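S.K.:
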Amino acid sequence: MSGHGAPVPMISRACGALSGMAEVPGDKSISHRALILGALCVGETRISGLLEGQDVLDTARAMRAFGAGVTDHGGGNWSVRGVGVGGFCEPDQVIDCGNSGTGVRLIMGAMATCPITATFSGDASLNGRPMARVTDPLALFGARAVGRSGGRLPMTVVGADDPVPVRYVVPVPSAQVKSAVLLAGLNALGETVVVEREATRDHTERMLAGFGATITVEDSDEGRVITLTGQPELRPQEIAVPRDPSSAAFPVCAALIVPGSDVLVPGIGLNPTRAGLFTTLIEMGADLSYENMREEGGEPVADLRARYSPDMVGIEVPPARAASMIDEYPILSVVAANARGQTMMRGVKELRVKESDRIEAMATGLRANGVPVEDGPDWWSVNGQGAGGVAGGAICASHLDHRIAMSFLILGMASQAPVSVDDGGPISTSFPIFEPLMARLGAALERQVS
Ligand code: S3P
């Protein structure tokens, strides 16, 4: 399990042009949801293109512990035999969610309105992350939770015996909180209403509708109002998971900063609640194009072509776009380091409570590699060094955070001196084929013997 093994030090050096096709794995957010909703319907859901990263494998194991039949048929094809809404059984072991905030928060939501008790734990990163944002609204349904100080894991959740539906205004822009409340609302008779002031990724809403739940979404002065009717009979689905735009971001951004590159990333999910990075890159002057736009399994999909873009400039990223690119700020900061001028990123307080404090982790590593960075509680700015202008040469801490590790390895591909990370192990949580995929494109990545 990630974070439980020995560290995997890695180094990345400047390389020749990156070229070819980058077939990145399935979407992490959609993969978690496919397993959890598959476990909550009656009958067999078939999933193709499931992300087989550790985060999702931990969710698959958790669904088995709650009574679902989860089968790996090979090649990303999985099936889930569900137990029906409200049908979770009580696990006889602690549920270990590894590194995954999405996994633990969504599963807590799904079990909180079942008359069972479950204890959750994770790695050092997950055990440090705030859970009250989920357990507070789950308490409104009648669930109780006891964890460590600061609302941290390990934590035991006692599900409500007689759940009541709730109306909840989500206080932070978080798809995990919204989704936990909706999944809890599934087993509460009546209408559960979730209001979000800023739109966050809407995969849960789309997938619930696909599984046959009655769910409506309206825009109001208060924000997006989502209304779910409880105790539906969910119907099994065939789900084709699109490739993950958050993983695509790494080869795409590498191609933009490595001289001469031309990379095609096919079949990327381009749900507008996820695509903010690509809009931002185009505003910075990136040579990025969408080809073959289409819809697959209820999600917009396209092929993305990225070419070396030596004339990118820093911009002010609109804070209203933050939720649609929240996982992409680390790799954006690497592109910003290779652009001319300052890139300002505001309204990003949530970055401080991800797998790591991502502002702190990136700012420290970028500075060590010769890139000036300023930061405050909910903003940071990167002073671009221009194409090929980053000195490099530092060893960066990845803090058990896959996206921090991958971002610094991409930085090394365009820096004057190699860039190292202390631990590339966490990459397997979301992008288990990162190393061979980047090597096939022409990157010079190596594991180091510690
Ligand atoms: C996710 C939501 C986001 C994101 C995470 C995946 C999801 O987290 O950072 O990687 O699948 O719902 P928050 O809900 O904390 O913003």
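Take the position in the sequence shown, starting the count at 1, then add 173; the result is the number in my numbering.
Beta carbons are placed, not taken as given, at the ideal position from N, Cα and C, and that holds for glycine.
Predicted model only: the values in this text are computed from it and were never measured.
Do T232 and L208 have their CB atoms nearer than 8 Å?
M.R.: Cβ distance < 8 Å, so T232 and L208 count as in contact.
S.K.: In terms of residue numbering, what span does the beta strand (DSSP E) encompassing D435 cover?
M.R.: Its beta strand (DSSP E) spans residues 435-442.
S.K.: Return yes when at least one heavy atom of the ligand S3P lies under 7 Å from the C-beta of A348, else no.
M.R.: Within the cutoff, so yes.
S.K.: What are the boundary residues of the alpha helix (DSSP H) that includes D228?
M.R.: Element bounds for D228: 227-238.
S.K.: Exposed or buried, what is H205 when buried is set at 16 or more other beta-carbons lying within 10 Å of its beta-carbon?
M.R.: The residue is buried, with at least 16 neighbouring Cβ atoms inside 10 Å.
S.K.: Can you find the residues in the same chain that come closer than 6 Å, C-beta to C-beta, to S580, ignoring five residues on each side of it along the sequence?
M.R.: These residues qualify, in order along the chain: P503, I504, V507.
S.K.: Can you check which of these residues, R278, F607, G255, A291, is closest to E263 by C-alpha distance?
M.R.: The shortest C-alpha separation from E263 is found at A291.
S.K.: Kindly identify the DSSP beta-bridge partner or partners of G260.
M.R.: DSSP lists no partner for G260.
S.K.: At a Cβ threshold of 8 Å, is G199 touching chain B?
M.R.: Among the chains of the structure shown, chain B does not appear; only one protein chain is present.
S.K.: Please tell me whether, using a cut-off of 7 Å, the distance from the CB of R531 to the nearest non-hydrogen atom of the ligand S3P is below it.
M.R.: No, the Cβ of R531 stays beyond 7 Å of every heavy atom of the ligand S3P.
S.K.: For the alpha helix (DSSP H) that contains Q349, what are its first and last residues?
M.R.: Note, Q349: alpha helix (DSSP H), 348-358.
S.K.: Alpha carbon to alpha carbon, how far is P182 from V622?
M.R.: The straight-line gap from Cα to Cα measures roughly 7 Å.
S.K.: In terms of alpha-carbon separation, which member of G449, L437, D476, S420 lies closest to E608?
M.R.: Checked all of G449, L437, D476, S420; the closest Cα to E608 is S420.
S.K.: Does the distance from the CB of Q515 to the CB of V555 come in under 8 Å?
M.R.: Contact flag set, yes.
S.K.: Label V319 either buried or exposed according to how many other C-beta atoms from any shown protein chain fall within 10 Å of its C-beta, with 16 as the threshold for buried.
M.R.: Label assigned to V319: exposed.
S.K.: Could you check the C-alpha separation between V258 and F384 for me, to the nearest Å?
M.R.: The straight-line gap from Cα to Cα measures roughly 12 Å.
S.K.: How long is the line joining the alpha carbons of A541 and G565, rounded to whole angstroms?
M.R.: Answer to the nearest angstrom: the Cα atoms are 8 Å apart.
S.K.: For G222, does the three-state DSSP call read helix, strand or coil?
M.R.: G222: coil per DSSP, three-state reduction.
S.K.: What residue range does the beta strand (DSSP E) around P327 cover?
M.R.: Residues 325-331.
S.K.: Determine the extent of the alpha helix (DSSP H) in which L477 is found, giving its start and end residues.
M.R.: Where L477 is concerned, there is no enclosing alpha helix (DSSP H), although the beta strand (DSSP E) it sits in stretches over 472-480.
S.K.: How long is the line joining the alpha carbons of G276 and T218, rounded to whole angstroms?
M.R.: Those two C-alpha atoms are separated by around 19 Å.
S.K.: DSSP has R340 in a bridge; who is on the other side?
M.R.: Per DSSP, V366.
S.K.: Would you call the CB atoms of V431 and L191 closer than 8 Å?
M.R.: The answer is yes: Cβ separation under 8 Å.
S.K.: On the three-state DSSP scale, how would you describe G176?
M.R.: Below a pLDDT of 50, predicted positions are generally treated as unreliable, and G176, at 48, falls in that range; no measurement from the model is reported.
S.K.: As a quick exercise: from P492, S252, G247, pick the residue whose alpha carbon is nearest that of R237.
M.R.: The shortest Cα separation from R237 among P492, S252, G247 belongs to S252.
S.K.: How far does the alpha helix (DSSP H) with L407 in it reach, from first residue to last?
M.R.: Per DSSP, L407 belongs to no alpha helix (DSSP H) and is neither H nor E.
S.K.: Out of curiosity, what's the CA-to-CA distance linking M174 and S603?
M.R.: Confidence at M174 is low in this model, with a pLDDT of 37, below 50, so the placement of that residue should be treated as unreliable; the coordinate-derived value is given next. Going by the C-alpha atoms only, they are around 12 Å apart.
S.K.: Compute the distance between the beta-carbons of G274 and R302, then report whether it is under 8 Å.
M.R.: Cβ atoms of G274 and R302: closer than 8 Å.
S.K.: Out of curiosity, what's the CA-to-CA distance linking T446 and Q349?
M.R.: Computed Cα separation, rounded: 14 Å.
S.K.: Run through DSSP, which three-state label would M457 get?
M.R.: Helix at M457.
S.K.: Does the beta-carbon distance from G249 to G211 come in below 8 Å?
M.R.: For G249 and G211, no; Cβs fall outside 8 Å.
S.K.: Assign R519 to one of three DSSP states: helix, strand, or coil.
M.R.: Reduced to three states, the DSSP call for R519 is strand.
S.K.: Apply the 10 Å Cβ neighbour rule to D265 and answer buried if 16 or more other Cβ atoms are within range, or exposed otherwise.
M.R.: Result: exposed.
S.K.: Apart from the five residues on each side of it in sequence, which residues of its chain come closer than 7 Å, Cβ to Cβ, to T373?
M.R.: Result list for T373: P346, S347, A348, K351, T446, A496, in chain order.
S.K.: What would DSSP say about C569, mapped onto helix, strand or coil?
M.R.: Three-state DSSP puts C569 in a strand.
S.K.: In the structure shown, what three-state DSSP assignment does G276 receive?
M.R.: Helix at G276.
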